DNA sequence: TATAAATAGGATAAAATTATCCGAAATAAA
DNA sequence: TTTATTTCGGATAATTTTATCCTATTTATA
Ligand code: FES
Ligand code: FES
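Protein chains in written order, with my numbering: chain A, 444 to 587; chain B, 444 to 587.
See below:
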């Protein structure tokens, strides 16, 4: 469904958000340990998220990754997914036709569109805030 | 969403079904042309579908791929997807945890499960027959 | 200013997916 | 029985995704 990079990106954002609530910056090392991902690869993904203005980085001593406390509730899963995997999951054809086109639909178009739109709605309406709070309360987990 | 192999597999099955209605067997060459896919790669996927008893092959002159006319209405998209991509799309964790577990859910579990289940329902309730008829009637297309 | 601590980013490498090629085996028809 | 046709299956290659390593750059503090 999502790429590995995207899975890591989502989990990283959640962990960063939790720490940002407490004013703490975190390093790729801490993040990778907490979400059970390869450290250097995770660092690359973090760079991409910074370039897309989803999280912020501070270089040098006492630096690390953070996300503006006020932004956490406004950041939606859809932004993270789009930044890493692009938006073909929102509007691409389920059978790989060059584009999903009502006027030239693939055989599964009608049925696929419903699922795809529901996924899109879910991602657009799920905030980093609720995911982070869910982890903090112990209701969900970032790794096995 | 689906792998390229799976996309080709689904489209190939639809084209084979259409021809089987008319008692015609088709070759990887014809299939690849009709669904706009690489021929040799498509042939590999057809082999896998044969091994999974979804379609049948007949070797030698006047051979080719076919699907039993009576089976077409009973073959569901879910079987094809499962044969090629496995079933992680039906029960895997959206964030890549080792397994999707109600008792140890990832942060998106509750929201993701709904979408995943709807996708599963759609695949399990869409038959090769309806997809093939849709193509035959000109309501949908296998390539751009 | 010097030093230590961090992220940024380029160069590779490993693994998985996608794709190609060719000979073997099977089969129908001449 | 020979020949032409066609799928099967192994080997290999290209591409994309995932992952690692190393150096440069930035920055707070001593
Ligand atoms: S054309 Fe294939 S999903 Fe719309
Ligand atoms: S645990 Fe992640 S989707 Fe169920």
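C-beta: ideal position from N, C-alpha, C; glycine also.
Nothing here was measured: the structure is a model prediction, and the numbers come from that model.
Simplified DSSP assignment, three categories, for residue 508 of chain A: Correct three-state label for residue 508 of chain A: strand.
Comparing the CB of residue 549 of chain A with every heavy atom of ligand 2, is any distance shorter than 7 Å? Checking every heavy atom of ligand 2 against the Cβ of residue 549 of chain A, none is found closer than 7 Å.
Residue 499 of chain B, enclosing beta strand (DSSP E) - first and last residue: Per DSSP, residue 499 of chain B belongs to the beta strand (DSSP E) from 499-501.
Check whether the Cβ of residue 516 of chain A sits closer than 7 Å to any heavy atom of ligand 1, and report yes or no. Result no, Cβ not under 7 Å from ligand 1.
Same chain, Cβ closer than 7 Å to residue 526 of chain B, neighbours up to 5 away in sequence not counted: Within the same chain, residue 526 of chain B has close Cβ partners 491, 492, 495 and 497.
Residue-level contact to chain A via CB, residue 487 of chain B, 8 Å cutoff: Closer than 8 Å: no.
Going along chain A, which residues have a C-beta under 7 Å from residue 587 of chain B? In chain order: 540 and 541.
Strictly below 7 Å CB to CB, what residues from chain B border residue 577 of chain A? Neighbours of residue 577 of chain A on chain B, chain order: 550.
Closer than 7 Å by beta-carbon distance: list the chain B residues that pair up with residue 450 of chain A, in chain order. Residues of chain B passing the Cβ test: 538 and 539.
Chain A partners of residue 562 of chain B, CB-CB under 7 Å? Here the neighbours are 558.
Nearest residue (CA-CA) to residue 557 of chain A, options A:576, A:537 and A:472: Among A:576, A:537 and A:472, the Cα nearest to that of residue 557 of chain A is on A:537.
At a cut-off of 7 Å, would you count residue 555 of chain A as near ligand 1, judging by its Cβ distance to the nearest heavy atom? Yes; taking the cut-off as 7 Å, the Cβ of residue 555 of chain A has a heavy atom of ligand 1 nearer than that.
Assuming residue 457 of chain B and residue 578 of chain B make a contact with CB atoms under 8 Å, what is their CB distance in whole Å? Indeed, because the Cβ distance is near 6 Å, the residues count as touching under 8 Å.
Nearest to residue 449 of chain A (by Cα), restricted to the options A:462, A:472 and A:529: For residue 449 of chain A, the nearest C-alpha among the options comes from A:529.
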